[in-house]
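Residue numbers (this note's numbering): 292 to 721.
First comes the structure, then the notes that go with it.
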Amino acid sequence: MSSFSQKITAACARFAVAGPPDSLCVPVQPGLPVDPASSCYKHRFRHCVCPLPPSSTSSQLGSRRPRSIIQELSLRLRTVPRQGSQAAMGAAGEEQATRRGHPLLRGVGKRDRYTHGFSASQMAALTALCGAFVPSLPPPGHQNQNCSQKEEFFLASGGEPPVPDEVAELMSRMCLPEALALVRTVLWLLGTRLGSLALCGALCLSWRFPFVRGFTELPVEEREGAMRRWSRQTVLPPLRMFFLVTKVFCLYVFYSMTDEKSENPHWRAIGYSPPTDEAAPEEEDEESLPKKRPLDDGVVETVSETDASLPASLRKKGLTVSDDSARNTCVVECDAVVVGSGCGGGVAAAVLAAAGYKVLVIEKGSYFTSRDYTGLEGPSMAHLYESGGFVSTLSGSALILAGATVGGGSAVNWSACIRNPRRRARGVGR
Numbered sequence: 292m293s294s295f296s297q298k299i300t301a302a303c304a305r306f307a308v309a310g311p312p313d314s315l316c317v318p319v320q321p322g323l324p325v326d327p328a329s330s331c332y333k334h335r336f337r338h339c340v341c342p343l344p345p346s347s348t349s350s351q352l353g354s355r356r357p358r359s360i361i362q363e364l365s366l367r368l369r370t371v372p373r374q375g376s377q378a379a380m381g382a383a384g385e386e387q388a389t390r391r392g393h394p395l396l397r398g399v400g401k402r403d404r405y406t407h408g409f410s411a412s413q414m415a416a417l418t419a420l421c422g423a424f425v426p427s428l429p430p431p432g433h434q435n436q437n438c439s440q441k442e443e444f445f446l447a448s449g450g451e452p453p454v455p456d457e458v459a460e461l462m463s464r465m466c467l468p469e470a471l472a473l474v475r476t477v478l479w480l481l482g483t484r485l486g487s488l489a490l491c492g493a494l495c496l497s498w499r500f501p502f503v504r505g506f507t508e509l510p511v512e513e514r515e516g517a518m519r520r521w522s523r524q525t526v527l528p529p530l531r532m533f534f535l536v537t538k539v540f541c542l543y544v545f546y547s548m549t550d551e552k553s554e555n556p557h558w559r560a561i562g563y564s565p566p567t568d569e570a571a572p573e574e575e576d577e578e579s580l581p582k583k584r585p586l587d588d589g590v591v592e593t594v595s596e597t598d599a600s601l602p603a604s605l606r607k608k609g610l611t612v613s614d615d616s617a618r619n620t621c622v623v624e625c626d627a628v629v630v631g632s633g634c635g636g637g638v639a640a641a642v643l644a645a646a647g648y649k650v651l652v653i654e655k656g657s658y659f660t661s662r663d664y665t666g667l668e669g670p671s672m673a674h675l676y677e678s679g680g681f682v683s684t685l686s687g688s689a690l691i692l693a694g695a696t697v698g699g700g701s702a703v704n705w706s707a708c709i710r711n712p713r714r715r716a717r718g719v720g721r
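Shown next, in the form of structure tokens:
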């Protein structure tokens, strides 16, 4: 295998608008065939015959719809509880009230701006991909009014904002440069008719002028067919890698993203509720909570320090700090420097400190305690795990959930213990 293919394999292995139907929607009689490409533009509901207004491909993909079903469902869940679900929502509200946690681990909701740098054609192709990974489906036992949470979940699509932008943002931050270049190249090709023909084959051919359709113009079923072929691709491994990368990121974002209230509108539909480590006692309030954390006496968080304040903070911890003006650096005098505070570094630092040595532990992650944890997958993976949890072996056969916080793997309960064969254990005993 060439070095470029190895880089691509390693890089990709790291990742393992409209509201619901209403009275304006004209349903199709059951049993009649429905063209997926003629989905209702206003409702994104396939079993209706509402006319499609003349619009661009990007509009048909839902990029300019006034309100996504995710926003609609989130709004309804917060304002108008449905009959029979008030008790469950009340319990969820109580759970949300007791889930304090650190601001970084609560999520930030929708971003004000994105810095992924994907072009409009690349985003249109990515939107079509996300819409095929999580397609909008007719709910079982379809009804026109009073759709349940599960029915609205079926109607939701991965192509609705802000999912595609969140996927692009996450890939731009977590992918290796080689993998990101692969994703950008394939998306650029899928944004053109000739590129779509080269990657999707005869699926892009049409009897109508210009006789070749772009990937974004294909119905969702044909997009799924092309993606299934990519997933089994052996002649062009990078194409299969592209499929795996976009699939992992799309599904991860769709099910883990949260709004300003740290909620995801799809969780209740699938029966999921974020766990809480420990419920706070009823009589406990913010004033009674201990403000001092266990390691505050020895921790200096450089994120909140400046070049002028850092030496003073280090001196307060008992370290001798001198300025090296020639190199424009600070010199810290200590007996040992331990890089990493995980199971290995933490134990080594403790043993050395107990022996009387002055030890400096360097940790790139943030410091969180048990009261900071929220149980929310998205923000917790981003701030507690190395590369957001998207690290794997070179072959991609196993994910490595390495901790990226004070405590390392011990803080996220990641460890591996393999029992040695008896004959090897006996040899060590001798």
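Ideal Cβ positions, reconstructed from N, Cα and C, are used throughout, including at glycine.
In chain order, what residues of the same chain have a beta carbon less than 7 Å from the beta carbon of residue i, not counting five sequence neighbours either side?
i           : result
residue 376 : Legend: pLDDT at residue 376 = 39, less than 50; position of this residue unreliable, value from coordinates given subsequently. There are no such residues.
residue 522 : 531 and 534
residue 428 : 445
residue 281 : Nothing can be reported for residue 281: it is not among the residues displayed for the chain, which extend from 292 to 721.
residue 700 : 633, 634, 693, 694 and 706
How close, in whole Å, do the beta carbons of residue i and residue j come, if the pair is a contact with beta carbons under 8 Å?
i           : j           : result
residue 479 : residue 413 : 6 Å
residue 559 : residue 440 : 5 Å
residue 405 : residue 489 : That belief does not hold up - the Cβ atoms of residue 405 and residue 489 are roughly 29 Å apart, past 8 Å.
residue 666 : residue 677 : That pair is no contact at about 20 Å.
residue 654 : residue 671 : Actually they do not touch by this definition, with Cβ atoms about 18 Å apart.
residue 517 : residue 541 : Actually they do not touch by this definition, with Cβ atoms about 15 Å apart.
residue 637 : residue 698 : 7 Å
Cutting at 6 Å between CB atoms, please list the residues of its own chain near residue i, excluding the five before and the five after it.
i           : result
residue 395 : 674
residue 286 : For the chain, the structure presents residues 292 to 721; residue 286 sits outside this window and is missing.
residue 625 : 649 and 651
residue 610 : 623
residue 627 : 643, 648 and 650
residue 430 : 442 and 445
residue 615 : 622
residue 620 : none
residue 702 : 694 and 696
residue 407 : 459, 460 and 463
residue 315 : Any reading at residue 315 needs caution, since the residue's pLDDT is 33, under 50, leaving its predicted position unreliable; the model's value is listed next. Nothing meets the Cβ criterion.
Are the Cβ atoms of residue i and residue j separated by less than 8 Å?
i           : j           : result
residue 546 : residue 557 : yes
residue 506 : residue 487 : yes
residue 449 : residue 424 : yes
residue 629 : residue 608 : no
residue 657 : residue 696 : yes
residue 549 : residue 392 : no
residue 606 : residue 612 : yes
residue 520 : residue 503 : no
residue 514 : residue 419 : yes
Who are the near neighbours of residue i in its chain, counting only those whose CB is closer than 8 Å to its CB and skipping five residues on each side?
i           : result
residue 327 : Because the pLDDT of residue 327 is 38, which lies under 50, any placement of that residue in the model is unreliable, and the question is left without a value.
residue 417 : 409, 455, 458, 459, 478 and 537
residue 402 : 453, 456, 457 and 460
residue 474 : 462, 466, 533, 536 and 537
residue 602 : 612, 614 and 621
residue 604 : 591 and 596
residue 482 : 410, 412, 413, 415, 416, 505, 506 and 507
DSSP beta-bridge partners for residue i?
i           : result
residue 590 : Answer is none; residue 590 lacks a bridge partner.
residue 620 : 615
residue 627 : 650
residue 694 : 676
residue 522 : Paired residue(s): none; residue 522 is not in a bridge.
residue 496 : 503
residue 657 : 696
residue 683 : 690
Determine, using beta carbons only, whether residue i comes closer than 8 Å to chain B.
i           : result
residue 502 : The structure shown has no chain B; it contains just one protein chain.
Problem set entry | Whole alpha helix (DSSP H) elements within the region 414 to 490, 4-residue minimum | 440 to 446, 454 to 465 and 468 to 481
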